[in-house]
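As they're listed, the protein sequences go chains S and H. For the first sequence, my numbering begins at 360 and goes up steadily by one. For the second sequence, my numbering begins at 4 and goes up steadily by one. From the three backbone atoms N, C-alpha and C, an ideal C-beta is built for every residue, glycine too.
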Amino acid sequence: MDALSNLLLGFSVALTPINLFWCFVGVVLGTVVGVLPGLGPAATIAMLLPITLKMDHTTAIIALAGIFYGARYGGSTTSILLNMPGESSSVATCLDGYQMARNGRAGAALGISAIASFIAGTVGVLGLMLISPPLARFALRFAPPEYFALMTLGLAMVVFLAGDSMVKALLMLLVGLWIATIGTDLFTAESRFTFGQAKLLGGVDFIAATVGIFAVAEVLINLESRSGGEVLKIPSGVKNLLPTLQDLKDCRFAFLNGSVIGFFVGALPGAGATVASFLSYGLEKAVSRHPEKFGTGVIEGVAAPEGANNADAGGALVPLLTLGIPGGNTTAILLGGLILWGYRPGPLLIQEHPELFWGLVASMYVGNVLLLVLNLPLVPLFAQILRLPNYVLYPFILGISVVGVYSVNNSLFDVWMMALFGLLGYLMRKLDFPAAALILGLVLGDVLERALRQSLMMSQGSLAILVTRPISATLLFIALVLLCLPAIRRVRAWRVEAVEHES
Amino acid sequence: MGSDKSNLIAAACLAAFGVYVVYGGSRLSYVSEVGPGPGFFPFWIGIGLLLFGAYQMVLSYSSARHHAVAGVPIWSGSGRALGAWLGLAVAIALFRWIGFALGFVLLTIFLVVALDHRPVVLALGIGAGLALVFYIVFEFALGVSLPAGPWGF
Chain S
360 MDALSNLLLG FSVALTPINL FWCFVGVVLG TVVGVLPGLG PAATIAMLLP
410 ITLKMDHTTA IIALAGIFYG ARYGGSTTSI LLNMPGESSS VATCLDGYQM
460 ARNGRAGAAL GISAIASFIA GTVGVLGLML ISPPLARFAL RFAPPEYFAL
510 MTLGLAMVVF LAGDSMVKAL LMLLVGLWIA TIGTDLFTAE SRFTFGQAKL
560 LGGVDFIAAT VGIFAVAEVL INLESRSGGE VLKIPSGVKN LLPTLQDLKD
610 CRFAFLNGSV IGFFVGALPG AGATVASFLS YGLEKAVSRH PEKFGTGVIE
660 GVAAPEGANN ADAGGALVPL LTLGIPGGNT TAILLGGLIL WGYRPGPLLI
710 QEHPELFWGL VASMYVGNVL LLVLNLPLVP LFAQILRLPN YVLYPFILGI
760 SVVGVYSVNN SLFDVWMMAL FGLLGYLMRK LDFPAAALIL GLVLGDVLER
810 ALRQSLMMSQ GSLAILVTRP ISATLLFIAL VLLCLPAIRR VRAWRVEAVE
860 HES
Chain H
4 MGSDKSNLIA AACLAAFGVY VVYGGSRLSY VSEVGPGPGF FPFWIGIGLL
54 LFGAYQMVLS YSSARHHAVA GVPIWSGSGR ALGAWLGLAV AIALFRWIGF
104 ALGFVLLTIF LVVALDHRPV VLALGIGAGL ALVFYIVFEF ALGVSLPAGP
154 WGF
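Written out as structure tokens, the structure is:
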């Protein structure tokens with residue numbers, strides 16, 4: 360009942376003309392950046408963050424979240440028509456989507472992708488709406504040691520899920536934490552690592568760093584090659600995009616599988632939509648009556664990953680809005696936005712700003728409907744975006760990055776910082792150092808340090824406070840296990856190798 | 004240069020950076036009157052960078068040794084990317100003197116002509132058109148001031 364009345368409040372916020380307009384703008388822009396390979400929602404949100412400083416904050420979060428989940432819809436278009444994922448989360452869609460298009464069923468693939476996205480996206484928002492308030496109430500028991508442990512666990516997850524690049528992720532996390540220490544100390548007002556620059560006393564500008572690492576680095580990476588793919592023919596007319604009743608029947612389990620896996624994987628920090636879509640694809644194949652046909656153009660192979668990467672958006676917002684812990688690049692930038700707008704993301708956010716949380720939830724229901732309505736008839740139009748030449752797109756991205764960063768403080772120093780972070784982001788991409796870890800370190804650094812130092816003040820310097828409180832001890836233990844697992848596996852592999860070598 | 008060698012150099016740089024962070028952190032007070040001081044957190048970040056940087060060096064070195072060839076080359080095409088970055092840096096340096104509009108047009112000409120081998124006229128059109136769009140959206144619609152040259156824009 361409580362949720363229902365809150366949801367009504369949310370709809371009263373989301374359905375105002377201005378919020379409806381910005382929700383529409385957000386999802387359309389999200390679809391466009393999803394369609395464009397090489398420009399992701401993280402870069403787009405980072406570029407647009409400066410503009411939102413002058414907007415109503417609820418309107419701004421509605422628009423930015425629209426870009427976040429709208430990009431998931433758009434990402435499938437290039438996967439199906441070009442065999443080139445617009446987003447990393449759409450890689451799994453290429454496996455069967457492109458084959459369907461080659462078999463002359465591009466319309467059905469695009470249609471089922473939109474329908475699966477709608478169903479799973481809506482389930483994801485439902486999960487966000489039902490799970491967030493009780494989770495936030497539980498998190499109200501947290502004191503600084505629990506917060507420190509929770510953030511450590513979130514960061515450990517991000518590092519753990521980096522797989523083979525785990526050490527690199529740890530290094531990037533530490534670099535991000537170090538960048539967060541630049542400026543005036545939180546407790547003593549002493550300056551740290553400012554290199555004599557007065558402009559660094561307030562710390563590194565978050566927008567300059569994120570725009571550099573995502574938008575500028577993205578342009579530099581894409582400028583390396585001049586290649587493009589051939590777009591397969593898109594059937595025109597909504598009728599040709601609608602899957603048959605048999606298709607829908609075949610996808611029943613895929614809708615459920617994608618929705619559930621996508622939501623829960625999305626809620627795990629660091630896992631993200633790509634992991635969710637592959638897990639969902641794998642499960643669909645495992646339970647299928649004809650697993651051998653996967654990869655040749657089966658419709659469930661499109662519905663499951665597309666559902667999962669959309670449900671993930673709702674899941675990813677749960678830890679962000681209830682605990683203030685982002686799980687990936689885009690949610691880290693959204694967290695940065697919330698902080699810039701003056702909010703304190705955490706368990707009190709829903710209680711203190713119900714219009715923001717419930718307005719966002721309601722706007723996501725509206726946004727998913729808008730995306731379904733837009734995506735079916737407008738897919739041919741969105742696919743035309745692929746014809747936009749790179750020599751127009753890249754100057755545009757660089758220009759809007761410069762203008763956006765400059766506009767925050769009217770400072771060319773920030774623009775220089777953006778360029779430096781752009782170079783750093785480019786080198787990181789070339790060497791396979793994960794950007795998500797650096798951004799999470801940067802965005803959580805202040806809060807993590809504050810929580811640790813407050814904990815140590817509470818205990819008069821004893822680290823035992825972190826392991827004697829049950830919640831904190833449990834969270835830290837899980838974090839430790841996550842960080843040690845790969846090392847244990849490696850030692851085991853060495854031992855097996857040594858035994859085999861001896862025998 | 005292959006990825007292994009590049010990773011080895013990157014890891015060495017990060018380890019060296021860790022030494023710098025430890026040094027910088029140790030110059031700040033480790034403990035203050037109210038608890039851990041401003042040097043406490045950076046000191047341990049530096050230690051982490053140093054240790055994991057060294058470990059990554061070992062990993063990259065052993066990976067390089069196990070590969071018969073020099074590893075996968077990863078820097079092909081980087082000339083274009085780094086050229087674009089230099090163009091951006093020069094444009095930012097010029098904004099102070101010639102303003103955003105002209106600086107951006109020059110940057111676009113560089114990107115479109117030098118890197119994409121398109122005609123100058125086309126590049127000029129794109130640069131001028133985009134600059135105009137930015138001015139209309141940011142200066143006039145949003146009231147954001149952009150870096151201005153001696154001629155006022």
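Query	Result
Tell me whether residue 543 (chain S) sits in a helix, a strand or coil according to DSSP, three-state version.	strand
Let's see if you can read the secondary structure: which residues bound the alpha helix (DSSP H) around residue 33 (chain H)?	Looking at the DSSP string, residue 33 (chain H) is not in any alpha helix (DSSP H), and its letter there is neither H nor E.
Are the CB atoms of residue 790 (chain S) and residue 13 (chain H) within a distance shorter than 8 Å?	yes
Can you check the segment 722-808 of chain S for any alpha helix (DSSP H) of at least 4 residues that lies completely inside it and give the ranges in chain order?	749-768 and 771-789
In three-state DSSP terms, what is residue 39 (chain H)?	strand
How should residue 551 (chain S) be labelled, buried or exposed, when 16 other C-beta atoms within 10 angstroms of its C-beta is the threshold for buried?	buried
Which of the three DSSP states is assigned to residue 551 (chain S) in this structure?	strand
Under a three-way DSSP split, which group does residue 369 (chain S) fall into?	helix
Within 8 Å of any Cβ in chain H, is that where the Cβ of residue 754 (chain S) sits?	yes
Flag this pair as yes or no: are the beta carbons of residue 532 (chain S) and residue 518 (chain S) separated by less than 8 Å?	yes
With residue 581 (chain S) as the anchor, note down where its alpha helix (DSSP H) starts and where it stops.	576-582
Excluding the 5 residues preceding and the 5 following residue 672 (chain S) in the sequence, name in chain order all residues of the same chain whose CB lies nearer than 7 Å to its CB.	427, 428, 431, 480, 483 and 625
Are the C-beta of residue 154 (chain H) and some C-beta of chain S separated by less than 8 Å?	no
Are there 16 or more other CB atoms within 10 angstroms of the CB of residue 848 (chain S), so buried, or fewer, so exposed?	exposed
Helix, strand or coil: which one does DSSP assign to residue 418 (chain S)?	helix
Could you list which residues in chain S have their beta carbon closer than 7 Å to that of residue 101 (chain H), in chain order?	Within 7 Å Cβ-Cβ: nothing; residue 101 (chain H) doesn't reach chain S, min ~13 Å.
Is residue 582 (chain S) close to chain H? Criterion is C-beta to C-beta, closer than 8 Å.	yes
Tell me whether the beta-carbon of residue 675 (chain S) lies closer than 8 Å to the beta-carbon of residue 683 (chain S).	no
Taking C-alpha atoms, which residue in S:670, S:641 and S:677 lies nearest to residue 660 (chain S)?	S:641
Measuring only the C-alpha atoms, how far is residue 617 (chain S) from residue 435 (chain S)?	15 Å
So, residue 622 (chain S) versus residue 670 (chain S), is the Cβ gap smaller than 8 Å?	yes
When you measure from the CB of residue 79 (chain H) to every non-hydrogen atom of the ligand COA, does any distance come out below 7 Å?	This structure does not include the ligand COA; it has no bound ligands of any sort.
Could you check the C-alpha separation between residue 385 (chain S) and residue 458 (chain S) for me, to the nearest Å?	31 Å
If I measure Cβ to Cβ from residue 787 (chain S) and keep anything under 8 Å in the same chain, skipping five residues before and after, which residues do I get?	531, 572, 576, 793, 794 and 797
Start and end of the alpha helix (DSSP H) containing residue 843 (chain S)?	829-861
Kindly say whether residue 399 (chain S), judged by its beta-carbon, lies nearer than 8 Å to any beta-carbon of chain H.	no
Is there a Cβ of chain S sitting closer than 8 Å to that of residue 7 (chain H), yes or no?	no
Are the CB atoms of residue 750 (chain S) and residue 115 (chain H) within a distance shorter than 8 Å?	yes
May I ask you to report which of helix, strand or coil DSSP gives residue 65 (chain H)?	helix
I'd like to know whether the C-beta atoms of residue 761 (chain S) and residue 412 (chain S) end up nearer to each other than 8 Å.	no
Would you list, in sequence order, the uninterrupted beta strand (DSSP E) runs of no fewer than 3 residues that lie entirely inside the segment 375-432 of chain S?	none
CB-CB under 6 Å to residue 186 (chain H), same chain, minus the five flanking residues each way: which ones, in chain order?	A query on residue 186 (chain H) cannot be resolved here, the shown segment of chain H reaching from 4 to 156 and no further.
Is it true that the segment 533-545 of chain S meets the segment 813-825 of chain S, where meeting means three or more beta-carbon pairs spaced less than 8 Å apart?	no
Below 7 Å on C-beta distance, what does residue 766 (chain S) contact in chain H?	141 and 147
Answer yes or no: does any C-beta atom of chain S fall closer than 8 Å to that of residue 64 (chain H)?	no
Going along chain S in order, which residues have a C-beta closer than 9 Å to the C-beta of residue 144 (chain H)?	The premise fails here: residue 144 (chain H) is roughly 10 Å from chain S at the closest Cβ pair, so nothing lies under 9 Å.
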